[in-house]
Structure formats: structure tokens, C-alpha cells
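For the record, in the sequence shown the residue sitting at position 2 is 2 according to the UniProt record's numbering, with numbers rising by one throughout.
By construction, the Cβ of each residue, glycine as well, lies at the ideal position given by its N, Cα and C atoms.
Remember, it's a predicted structure, so these values are computed and weren't measured experimentally.
Have a look at the structure below, then the notes.
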Amino acid sequence: MAKAKNLTVFQRGRIVELHKQGLSQRGIAAEVGRSKTVILHFLKDPQGYGTKKSSGRPKKISPALSRRIRMAVHQDTGRSSSQIKAITGADCSPITIRRHLRRKGFKNKKRLQRPRLLQRHKLPV
1 MAKAKNLTVF
11 QRGRIVELHK
21 QGLSQRGIAA
31 EVGRSKTVIL
41 HFLKDPQGYG
51 TKKSSGRPKK
61 ISPALSRRIR
71 MAVHQDTGRS
81 SSQIKAITGA
91 DCSPITIRRH
101 LRRKGFKNKK
111 RLQRPRLLQR
121 HKLPV
């Protein structure tokens, strides 16, 4: 299940005021339009609400690196992910860069194979 948005400052103030007036958690939830569970968690620790550090593996591509990658692609769309990695100085694999670009809406297209132009193909002048 997706995580809901945190309470706004206005909603927090409203919850505190309604709690001071003696409304039940269910009544406050109906008034504010949020679940009674979020009201309970907020009233338990108003100062600590929304400060929990996110768990999980940290991202390999930071927002700054993401901007550098996109800039490198916009400068030359024909670059490979290995070239982008070398230009940006990314500390990740080319596959990670390809995956990141795909998530950002870039589509990878394979270039058309063309035969090499040799001297015999050129017209004598």
C-alpha cells in the first residue's frame, strides 16, 4: 500500500485545537478528513511526527548526478551509457545509468548499421 502524504502544518494545528476542545480521535479524523490512525500517531508525539529517517538502500544516483546525466544526454543523444558514465564521473554501472534514463522517460534506440565508405566507393575526380 502506498504511503500517504504527511499532515500539513494547518492540519496539525487543527488536530491540536480539536484535541484541546475534547473531541475524540474518531471525531477529529472525521473533521480533518484523515484516518484515526494518523491522528493517534500525531497526538502521541507531535514534535516527532514525520521525522523518521527513511529505511532501505540509498540511491546510487543522487539528484545532482541525475542532472549531470540528463545534461550529457541532451548535449549529444548518440552517447552510450559507458560514455555518459565517463563524462559524468558516475560511480555506478552503465546498466544503472540506462535504467535511470528509462525511468526519466528517455527511450534508447539502436543506431542503423551502415556499411563503411571505402575509397573504391568514391567517384574519381
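- A residue is called buried once 16 or more other Cβ atoms fall within 10 Å of its Cβ, and S62, having fewer, is exposed.
- CA-to-CA, the gap between G13 and V32 works out to about 11 angstroms.
- Taking Y49 as reference, the option from I39, S66 and R34 with the minimal CA-CA separation is I39.
- Taking 3 residues as the minimum length, the stretch 46-112 contains no beta strand (DSSP E) run wholly inside it.
- Taking the CA atoms as reference points, K5 sits about 10 angstroms from R34.
- If you draw a straight line from the Cα of K110 to the Cα of R57, it is about 32 angstroms long.
- In this structure, K36 and Q25 form a Cβ contact; the two beta carbons are roughly 5 angstroms apart against a cut-off of 8 angstroms.
- In this structure, the beta-carbon distance from V73 to L112 does not fall below 8 angstroms.
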